[in-house]
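Only one structure is covered here, and it is reproduced in the block below.
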DNA sequence: CATGAATGAGACTTCATTCAT
DNA sequence: TATGAATGAAGTCTCATTCAT
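Protein chains in written order, with this note's numbering: chain A, 4 to 213; chain B, 4 to 213; chain C, 4 to 213; chain D, 4 to 213.
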């Protein structure tokens with residue numbers, strides 16, 4: 004399982020930006036932290052600003068509104084999460100291996116960044132607008148990717164074919180989400196997600212046996 | 004699958020209350036509707052009042068605050084949902100049948116009350132305080148109940164015994180929740196959850212075969 | 004000094020009213036108590052109702068509004084206080100004796116009813132409207148009565164005549180009020196006002212010596 | 004008698020603050036005005052804001068609540084009043100002179116600021132909490148200061164020694180307060196308090212003669 | 001680019017008052 | 001007369017957003 008962190012990958016655009024720039028990234032990192040702690044609505048823009056070490060007004064130089072900050076957070080983090088998972092999937096050949104990899108990669112990222120886990124499982128649902136208007140397409144793409152793997156496994160005989168790839172995808176995503184949620188809300192103890200990943204993988208792979 | 008509705012069970016306390024009373028119930032019903040539509044934070048107390056056909060101040064005769072209204076909603080609805088599921092479980096003997104029943108009963112209730120599905124999967128996570136302080140114990144009890152069934156199935160040989168009952172419970176709950184969430188956010192088309200219930204049941208029962 | 008209480012003098016209007024009636028009086032008595040405790044604005048009409056043992060709405064059968072309740076309280080209690088003092092004054096001949104009597108009678112009443120003292124020194128000033136529109140004439144009449152006594156004393160040589168009767172009256176009233184205020188806000192210990200009355204009387208009589 | 008004003012002593016902290024700053028002081032000044040006019044409870048925060056020429060929310064940048072605004076007003080103004088009186092007392096040697104000075108200084112300040120007189124005699128009593136929790140210690144200190152002067156005068160033979168310094172202090176404070184109250188509620192005509200001061204001083208000094 | 005004081009719209013909540021019973 | 005549930009106007013306070021420096 005990976006220990007990789009998705010946050011703060013400073014991609015310094017130019018040498019001149021070295022110290023001054025990346026303020027956008029600092030703000031996003033701060034937002035993950037304070038949103039995870041208090042939730043989206045209970046967090047004031049000034050809280051994010053304080054955590055990021057910038058002035059309130061500075062937030063608005065990088066984000067149009069508090070809502071857009073959350074949306075950006077979502078897009079940025081989900082984007083990286085998906086890219087990371089995609090990348091990891093490439094190494095595997097069989098559908099089984101791919102499905103296992105998805106579970107392990109996603110939970111592995113959460114393990115390394117508990118606050119991201121909380122943001123993904125809880126915070127993103129706190130803005131109804133974000134959930135209904137922006138998050139859905141992103142999630143759908145992810146679900147489709149999983150469904151495609153399942154369908155491929157069915158075609159080559161790895162999985163039984165009387166399961167709907169889409170329901171399997173939703174169930175799997177929900178299971179991962181539920182595991183991460185209880186873990187994030189609970190102790191979030193080190194190593195907990197590792198075992199969980201194995202269990203979930205086994206459960207679903209068994210469940211999909213022909 | 005049941006078509007039963009959990010809301011609005013007016014238990015008129017006295018004949019005199021027949022028409023006038025149960026204002027508390029009317030407010031809760033209205034809250035489910037408007038919260039499901041706009042989310043907890045975007046909904047104003049006056050919106051709930053209007054939907055319930057009462058004055059703003061009346062809300063505060065029955066609930067201490069907007070937060071407490073959500074908490075009451077949670078306790079009331081989750082309480083009924085659990086009672087309904089418990090009741091339904093009693094009819095089944097084997098662990099397999101019980102697990103299937105849980106899935107079908109819960110999704111069945113959602114099917115009959117899409118707004119309740121939305122409240123349970125989305126709205127309850129919008130109050131960080133509710134989620135962290137009140138909802139967790141309730142969910143934990145539910146997870147424990149599922150885990151107990153799984154453990155029993157393992158003991159009598161229905162299920163393979165190398166799966167952790169608790170991880171199975173979380174996965175199953177997460178899967179149900181995920182299915183319900185995408186259904187609620189999507190079209191929530193009639194009959195959708197019925198098929199889903201069968202699929203999820205099959206997936207998990209297969210997955211738990213010895 | 005008198006131990007007489009000005010409150011609750013039930014003047015039963017008719018035999019039939021014996022038990023049922025006098026609700027107005029009960030409400031006024033309750034108002035004195037709760038206003039003294041929490042102040043006029045911090046006291047809710049329902050607090051008065053509860054203290055009087057009546058329903059909220061009943062208050063409005065006897066008083067037009069919360070403001071009018073305070074006004075009635077003022078008129079009723081000040082009326083009785085003045086009548087009581089007037090009555091007591093009649094027994095005295097000299098201006099000196101009358102001045103002493105005023106001090107002793109007023110503080111004596113307060114001693115017997117600490118809550119009335121608080122109402123008169125504090126609560127009545129909490130409704131700006133009452134103070135400016137209704138209380139002033141009442142107080143003015145009282146001040147005039149005192150001033151008249153002083154003037155009479157000056158005319159017959161008891162008092163030096165270079166003191167303005169009106170300033171003396173205001174000073175005396177202010178002194179009594181101040182004594183009562185600190186007493187009411189403090190411990191209001193038994194017997195405290197008795198000594199105070201003697202001291203104040205001596206101070207002012209000395210001060211008015213020719 | 005002094006014509007000095009205690010309000011609006013802008014202590015500009017930095018050159019840049021010259022015009023913009025001291026908003027806190029502007030708010031306090033505005034509060035004195037509108038509170039004097041309508042009373043504490045009848046005044047809305049937005050009234051104070053309008054009178055101060057700031058936005059409603061700005062009040063809360065300088066004061067935690069409406070109550071705290073009144074408390075600050077009290078502390079600020081009483082603090083200045085006491086300092087002013089203390090300062091003036093230093094110039095006098097005998098107890099008689101000091102007592103006269105107290106009367107003249109205090110009434111002198113009121114004469115120059117009728118609204119302050121109203122705030123001190125009426126408004127401060129409108130918040131029961133302020134009166135009971137915060138104002139009392141302040142007043143007590145003032146009363147003690149007066150009592151100390153009286154005691155000193157008794158020790159050196161200026162005053163008769165059978166008068167309780169504390170009762171004298173309360174009486175004197177009450178007299179001053181009563182004079183100021185009727186003056187503030189009435190016409191508050193120019194020069195009125197000047198004559199009053201002389202009269203009160205004479206009355207009390209006479210009253211304290213051995 | 002950055003700041004943070006100021007803004008002001010808008011929400012929650014209280015409570016005096018009413019009125020059907 | 002008496003009740004007390006219901007009303008809804010109105011006030012305090014918060015906080016996302018702006019803009020002069």
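Every residue, glycine too, gets a C-beta built ideally from N, C-alpha and C. Predicted, not measured: the structure shown is a model, and the values here were computed from it.
Three or more Cβ pairs closer than 8 Å define a contact, and the stretch 157-174 of chain A falls short of that threshold against the stretch 85-93 of chain A. Chain-order list of chain A residues neighbouring residue 98 (chain B): empty, with the shortest C-beta distance near 15 Å, by a criterion of under 8 Å. Taking the beta carbon of residue 204 (chain C) as reference, no residue of chain D falls within 8 Å; the closest one sits roughly 10 Å away. Fewer than three Cβ pairs drawn from the stretch 189-199 of chain C and the stretch 187-196 of chain D lie within less than 8 Å of each other, which leaves the two stretches out of contact. The continuous alpha helix (DSSP H) containing residue 180 (chain B) extends over residues 168-188. With fewer than 16 other Cβ atoms from the protein chains shown falling within 10 Å of its own Cβ, residue 86 (chain B) counts as exposed. By the neighbour-count criterion, in which 16 or more other beta carbons inside 10 Å mark a residue as buried, residue 89 (chain B) falls on the exposed side.
For residue 209 (chain A), there are no CB contacts under 8 Å within the same chain when 5 residues up- and downstream are skipped. With respect to chain A, the C-beta atom of residue 70 (chain B) has no partner C-beta closer than 8 Å. For the options A:99, A:176, A:126, the alpha carbon positioned closest to that of residue 203 (chain B) is the one of A:176. Interface criterion met: the Cβ of residue 139 (chain D) is under 8 Å from a Cβ in chain C. For chain A, the residues of the stretch 167-186 of chain B that bring a beta carbon within less than 8 Å of one of its beta carbons are 167, 170, 171, 173, 174, 175, 176, 177, 178, 179, 180, 181, 182, 184, 185, in chain order. In this structure the stretch 139-156 of chain B does not lie against the stretch 133-141 of chain A, because fewer than three pairs of beta carbons, one per stretch, are closer than 8 Å. For the stretch 33-44 of chain B, the set of positions with a beta-carbon nearer than 7 Å to some beta-carbon of chain A reads 41, 42, 44 in chain order. It is roughly 51 Å from the alpha-carbon of residue 184 (chain A) to the alpha-carbon of residue 58 (chain C). Here residue 180 (chain B) is buried, its C-beta having at least 16 other C-beta atoms within 10 Å. DSSP places residue 90 (chain B) within a helical segment (H, G or I) once states are collapsed to three. Using a CB distance below 8 Å, no part of the stretch 149-160 of chain B faces chain A. Comparing alpha-carbon positions, the option among B:128, B:72, B:170 lying closest to residue 47 (chain B) turns out to be B:72. Not a single CB atom of chain D sits nearer than 8 Å to the CB of residue 109 (chain C). Secondary structure of residue 56 (chain D) (DSSP, three-state): coil.
A distance of 8 Å or more separates the beta carbons of residue 127 (chain D) and residue 79 (chain D). Here DSSP, grouped into helix, strand and coil, assigns residue 40 (chain A) to helix.
Counting only runs of 4+ residues, the alpha helix (DSSP H) found wholly inside the stretch 97-178 of chain B occupies 98-115, 117-124, 139-158, in chain order. Annotation: residue 46 (chain D) is outside any alpha helix (DSSP H) and is labelled neither H nor E by DSSP. By the 16-neighbour rule on beta-carbons within 10 angstroms, residue 101 (chain B) is buried. Straight-line measurement puts the Cα of residue 38 (chain C) at about 44 Å from the Cα of residue 43 (chain A). Annotation for residue 69 (chain C): 48 place their beta carbon closer than 7 Å to its own, counting only its chain and skipping 5 residues before and after.
Take the alpha-carbon of residue 170 (chain A) and the one of residue 182 (chain B): they are about 8 Å apart. Here the C-alpha atom of residue 205 (chain D) lies approximately 17 Å from the C-alpha atom of residue 154 (chain C). Taking the Cα positions, residue 212 (chain A) is about 27 Å away from residue 112 (chain A). Sequence-distant partners of residue 172 (chain C) (beyond 5 residues in either direction) whose C-beta falls short of 6 Å from its own C-beta, in its chain, are 146, 149, 150. Around the beta carbon of residue 74 (chain D), a 10 Å sphere encloses 16 or more other beta carbons of the protein chains shown; the residue is thus reported as buried. Taking a beta-carbon distance threshold of 8 Å, residue 133 (chain B) does not count as an interface residue toward chain A. Between the C-alpha atoms of residue 124 (chain C) and residue 110 (chain D) there is a straight-line separation of about 21 Å. If the five residues before and after residue 142 (chain C) are omitted, its C-beta is found closer than 8 Å to the C-beta atoms of 176, all from its own chain and listed in chain order.
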